């Protein structure tokens with residue numbers, strides 16, 4: 014395995030982690046403001062790419078690394094299993110609808126966020 018091939022595999026793994034963050038980032042963003050901001054910006058960028066029929070820059074990097082390795086799409090473990098998840102065979106419409114579902118769930122979670130109560134405080138306290 015060449016250095017470029019290894020870097021391409023790492024890039025695909027990072028791409029998968031990015032997709033997982035897009036889908037589940039609200040679970041952390043619910044409590045951590047900077048994650049929430051990054052998550053919402055990432056979702057907006059994802060929608061932008063889909064509406065403009067753009068390609069994720071991570072994909073360009075992975076293809077470039079594969080090309081430099083001279084092993085364009087050989088059968089490494091990462092490529093065989095992880096790429097099937099990253100480059101899911103689905104129509105653009107299906108991916109866009111899935112994105113809208115994720116955004117809907119994210120917005121529901123973020124907008125239903127309640128401030129944590131102080132220790133010992135109950136919802137039935139009388140002032």
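Residue numbers (the numbering used here): 14 to 140. Backbone N, C-alpha and C define an ideal beta-carbon position, used for all residues, glycine too. Please read all numbers here as calculations on a predicted model, not as lab measurements.
As assigned by DSSP and simplified to three states, the class of residue i
i	result
residue 104	coil
residue 68	coil
residue 55	helix
residue 118	helix
residue 44	coil
residue 125	coil
residue 15	coil
residue 111	helix
Residue from the options with nearest C-alpha to residue i
i	options	result
residue 124	66, 39, 110	39
residue 163	43, 78, 32	Shown here, the chain extends from 14 to 140; a query on residue 163 therefore has no answer.
residue 106	76, 64, 115, 116	64
Rounded separation between residue i and residue j - CA only
i	j	result
residue 46	residue 80	39 Å
residue 82	residue 76	10 Å
residue 18	residue 111	31 Å
residue 104	residue 67	14 Å
residue 62	residue 16	30 Å
residue 44	residue 101	30 Å
residue 222	residue 31	Nothing in the structure corresponds to residue 222, since the chain is present only between 14 and 140.
residue 37	residue 116	10 Å
residue 114	residue 59	13 Å
residue 29	residue 108	15 Å
residue 35	residue 23	18 Å
Supposed contact pair residue j and residue i - C-beta distance, whole angstroms, cut 8 Å
i	j	result
residue 33	residue 42	Contact flag wrong, Cβ pair sits at about 13 Å.
Residue i at chain D interface by Cβ criterion, 8 Å
i	result
residue 29	Included in the structure is just one protein chain, with no chain D present.
Within the chosen definition, does the stretch 65-79 reach the stretch 36-56 through at least 3 CB pairs nearer than 8 Å?
no
Report yes or no: do the stretch 42-53 and the stretch 116-123 share at least 3 C-beta pairs separated by less than 8 Å?
yes
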